[in-house]
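Colleague: Before we start, here is the structure in question, set down as structure tokens.
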Amino acid sequence: MANERGEIKNRKILLVEDDLDFANILKIRLSKEQNPSIEITIRQTLKDALLMIRETEYDLVLLDLMLPDSTGIDTFSKVKTEARHTPVVIMTGLDNDQVAINAVRRGAEDYLVKSDISSRLLMRIIHHAIDRHRIKEKLASVTGRLRETNLQLEKMALLDPLTELYNRRGLQQVFSREIQLGIREGHRPLVLLLDVDDFKKINDSLGHPVGDILLKEIAKKIRESVRISDHVARIGGDEFILLLPKTSLREGIHLAERLRMAVSGTKIHVSETETLGITISMGLTSIHGDITSVDELLAIVDPLLRQSKRKGKNRVTCDEQGPGQDGSMTTSTFSEKFSAVLRRGTDFFALKQPIMNLADLSIIGYEFLSRLKSEGVCMPNDFFRIAREQNLLTLVDHYCFRSCVAASAELSPELHRHINLFPATIVDISPEEVIGKLSVSCPAKSYCFEISEQQILGDPSHLIGPVEAFKRYGVSIAVDDVGFGNTCLESLILLEPDVIKLDKKYVRGISQDTHIERTFRRILKVAEDLDAEVIAEGIETQEDLDILRNLGVKYGQGFFLGLPA
């Protein structure tokens, strides 16, 4: 490498040679060289050489393979492991010439026979080794970047640029593979086709940017609903296909219904005051081995999707008997049938997740989380959506509250008991009736009712009366899932909660994202001004925990601290 005056910079060489007289002869010869001049460091053992390689960057290592603490090809291997980006030239005697050749085959740049070393030969081999190694490194770097670029291009050719799901070509690749696998293993994958209800009207009235936001949100909901073995593609417009390997029809129906409910509960903010509801229609069927293309796939499942559209949208139509058979059914009755389970109210139970003092990780209380004994629809997001659709939300929330209170009675009186309540339940059921459900063996002051900020729709002032009544009974109030918007601030100011529980998105990854940390600090300032305690939800790593401690957060919960059990 030349400097601005065209001179080549000095070269640093590590000479590893146990014969000090021979090493000094080489050093004298090399020290006479100019442009570039050569700086020689001599070490007589492998141990000392490895220490120097770790501490100093050399242009080349001249290595004798026969050292007091290491001999043969093993010497070269250990040096090359430490000096991966440094050229190595082997020095050998006449009797171990073959060992040197083996070293060259394993990555040494060249070798010299000690008895034949002249100053001219030595310098030529050193310069050529350094230059050749530099060229090889550059070539490897360019090749690596080219390979990475090609992989990116291949990936782009298979993905939809808007949603980053498979496109039609990508789907064809995985479909062909899954069909062959299914034939060998004797199972038929399922295919689920969906599109957005009234998408054209949305695009025409609100514009393509809103349509794009909607499609990306749908893609996100699909990713959250499927398994790692499933394949998802956007095949044009608002149509998506899910390929479900090794899936029974029953499992497919549960997945489709879970996805339908997830999407129907999504609101897209199109302005500060206006939100847009979304629904999807779907067709579901199994695939026979004689179907080999995406076009054939669409031909068998599209009629089922059209049936869902004709029967009122926002539903799934499935083919129980396979393509071409008259066995279609819709899952529009799924929610109605499931509502009987919800009305019964006997299948709800509660898990508890610890809330900890972050300073010493002692448990100060538990949040009680509702679950349902039902295959496929056991999580709150699922059964509460069905409850909302069937106008059973307050009833189901009451059942969940009752099961959580029963579970909380097992705790020691000094521990806090956090129980979730929907805003609608707080308004519909009198505070006296709610308080009357609490365990008589537990003091009211040990309870904290959590109200999700995301479930407060419209003006939160209608909650002020019930919240103040709960406080008079000694119950604490927490606003849960707190973010950083105008609606959130209004809820906090009006309700004056005792506890603010920060949404997981402001906690997860806080150690890796300075933007999250800055936002978190702002919310902490709001909590301080409101004289409210803060509980950080979603703590999942030691690094995030350390940051929260440094920020002065006293309490937290999350999978890292304890799973619901």
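For the sequence shown, counting from 1, position 389 maps to 665 in this note's numbering; every step adds exactly one.
All C-beta atoms, glycine included, are put in the ideal place defined by N, C-alpha and C.
This one's a predicted model, so the numbers in the text were calculated from it and none came from an experiment.
#1: In terms of alpha-carbon separation, which member of E709, N479, A685, L468 lies closest to V577?
#2: On the DSSP letters alone, give me the boundaries of the beta strand (DSSP E) that R647 sits inside.
#3: Identify the continuous beta strand (DSSP E) that holds A720 and give its terminal residues.
#4: Among all the DSSP beta bridges, which residues are the ones paired with L552?
#5: According to DSSP, what are the bridge partners of G512?
#6: Under 8 Å Cβ to Cβ from D623, same chain only, skipping five residues before and after it: list those, please.
#7: Ignoring anything shorter than 4 residues, give me the alpha helix (DSSP H) runs that lie fully in the region 707-789, in order along the chain.
#8: Where I366 and S395 are concerned, what is the direct C-alpha to C-alpha distance, given to the nearest angstrom?
#9: Can you tell me whether S767 is buried or exposed, with buried defined as 16 or more other CB within 10 angstroms of its CB?
#10: For P630, which residues does DSSP report across the bridge?
#11: Using the rule of at least 16 other Cβ atoms within 10 Å of the residue's Cβ for burial, across every protein chain shown, is V570 buried or exposed?
#12: Alpha carbons only, please: which of F644, N590, F677 is nearest the one belonging to G621?
#13: Assuming L356 and V364 form a contact by the criterion Cβ under 8 Å, report the distance between their Cβ atoms to the nearest whole angstrom.
#14: Three-state secondary structure (DSSP) at G420?
#15: Per DSSP, what are the beta-bridge partners of V681 in this structure?
#16: Expressed to the nearest angstrom, what Euclidean distance is found between the alpha-carbon atoms of F660 and I695?
#17: Taking the runs of the alpha helix (DSSP H) that are 4 residues or longer, which of them lie wholly in the region 297-334?
#18: Using a Cβ-Cβ cutoff of less than 6 Å, which residues in the same chain neighbour P521 once the five nearest sequence positions on both sides are dropped?
#19: Give a yes or no on contact between the region 296-308 and the region 323-336, applying the rule of three or more CB pairs nearer than 8 Å.
#20: Return the chain-ordered list of same chain residues with a C-beta closer than 6 Å to the C-beta of L326, the five sequence neighbours on each side being excluded.
#21: Secondary structure at G603, three-state DSSP: helix, strand or coil?
#22: Here's the rule: buried if 16 or more other CB atoms are within 10 angstroms of the residue's CB, otherwise exposed. What is P599?
#23: In this structure, what does DSSP give as the bridge partners for Y831?
#24: Of all Cβ atoms in chain B, is any one closer than 9 Å to the Cβ of I732?
#25: Check this for me: beta carbons of P707 and F644, under 9 Å apart or not?
#26: Rank G828, G641, D345 by C-alpha distance to the C-alpha of R797 and give the top, closest one.
#27: In angstroms with no decimal places, state the Cα-to-Cα distance between E690 and N633.
#28: I need the straight-line Cα distance from L322 to L296, nearest angstrom please.
#29: Between D474, S752, F835, which lies nearest to L697 when the distance is taken from Cα to Cα?
#30: Considering only the beta carbon of each residue, do V472 and I544 sit closer than 9 Å?
#31: Entirely within the region 345-375 and at least 4 residues each: give me those alpha helix (DSSP H) ranges in chain order.
#32: If you draw a straight line from the C-alpha of D488 to the C-alpha of I711, how long is it?
#33: Check R464 in the structure and name its three-state DSSP category.
#34: Which same chain residues, not among the five before or five after N762, have their C-beta less than 7 Å away from its C-beta?
#35: Using DSSP with H/G/I as helix, E/B as strand and the rest coil, what is G487?
#36: Output needed for G750: all residues of its chain with C-beta closer than 6 Å, excluding positions within five of it in sequence on either side, in chain order.
Modeller: Reading off the structure:
#1: Per the C-alpha coordinates, the member of E709, N479, A685, L468 positioned closest to V577 is L468.
#2: Boundaries of the beta strand (DSSP E) harbouring R647: 638-648, taken from the DSSP string.
#3: It is not in any beta strand (DSSP E) - A720 carries neither H nor E in the DSSP assignment.
#4: As DSSP reads the structure, L552 sits in a beta bridge with I544.
#5: Looking at the DSSP output, G512 shares a beta bridge with E515.
#6: Excluding residues within five positions, the ones whose Cβ falls inside 8 Å are V617, L648, K649, S650.
#7: Whole alpha helix (DSSP H) segments, 4+ residues: 707-712, 740-748, 762-771.
#8: So the alpha carbons of these two residues sit roughly 16 Å apart.
#9: Under the 10 Å beta carbon count, S767 is surrounded by 16 or more other beta carbons and is classified as buried.
#10: According to DSSP, which records beta bridges pairwise, P630 is partnered with Y642.
#11: Label assigned to V570: buried.
#12: Nearest of F644, N590, F677 to G621, Cα basis: F677.
#13: Inspection of the sequence shows that residue 356 is occupied by Lys rather than by Leu. With a contact defined as Cβ atoms closer than 8 Å, K356 and V364 qualify at about 6 Å.
#14: The DSSP-derived three-state label of G420 is helix.
#15: Answer is none; V681 lacks a bridge partner.
#16: Taking the straight line joining both Cα atoms gives about 16 Å.
#17: Counting only runs of 4+ residues, the alpha helix (DSSP H) found wholly inside the region 297-334 occupies 322-331, in chain order.
#18: Around P521: E454, P465, S505.
#19: By the Cβ criterion, the region 296-308 is not in contact with the region 323-336, since fewer than three pairs of Cβ atoms, one from each stretch, lie closer than 8 Å.
#20: So the list reads E358, once near-sequence residues are dropped.
#21: Note that G603 scores 47 on pLDDT, short of 50, meaning its location in the model is unreliable and no value can be drawn from it.
#22: Residue confidence is low: P599 scores 49 on pLDDT, short of 50, so the model does not pin down where it sits. Its coordinate-derived value is still stated next. Buried, because 16 or more other Cβ atoms sit within 10 Å of the Cβ of P599.
#23: DSSP output for Y831 lists N633, I811 as bridge partner(s).
#24: Looking for chain B here will not work: only one protein chain is present.
#25: Cβ distance not < 9 Å, so P707 and F644 don't count as in contact.
#26: Checked all of G828, G641, D345; the closest Cα to R797 is G828.
#27: Our two residues, E690 and N633, have alpha carbons roughly 14 Å apart in a direct line.
#28: Roughly 14 Å separates the two Cα atoms.
#29: Closest by C-alpha distance to L697, out of D474, S752, F835, is S752.
#30: No, the Cβ-Cβ distance between V472 and I544 is not below 9 Å.
#31: Within the region 345-375, the complete alpha helix (DSSP H) runs of at least 4 residues are 349-358.
#32: D488 and I711 have their C-alpha atoms spaced approximately 47 Å apart.
#33: Coil, per DSSP.
#34: For N762, the pLDDT reaches just 47, beneath the cut-off of 50, and the residue's location in the model is therefore unreliable, leaving the point undetermined.
#35: Collapsing the DSSP output to three states places G487 in a helix.
#36: The answer, listed in chain order, is A720, K721.
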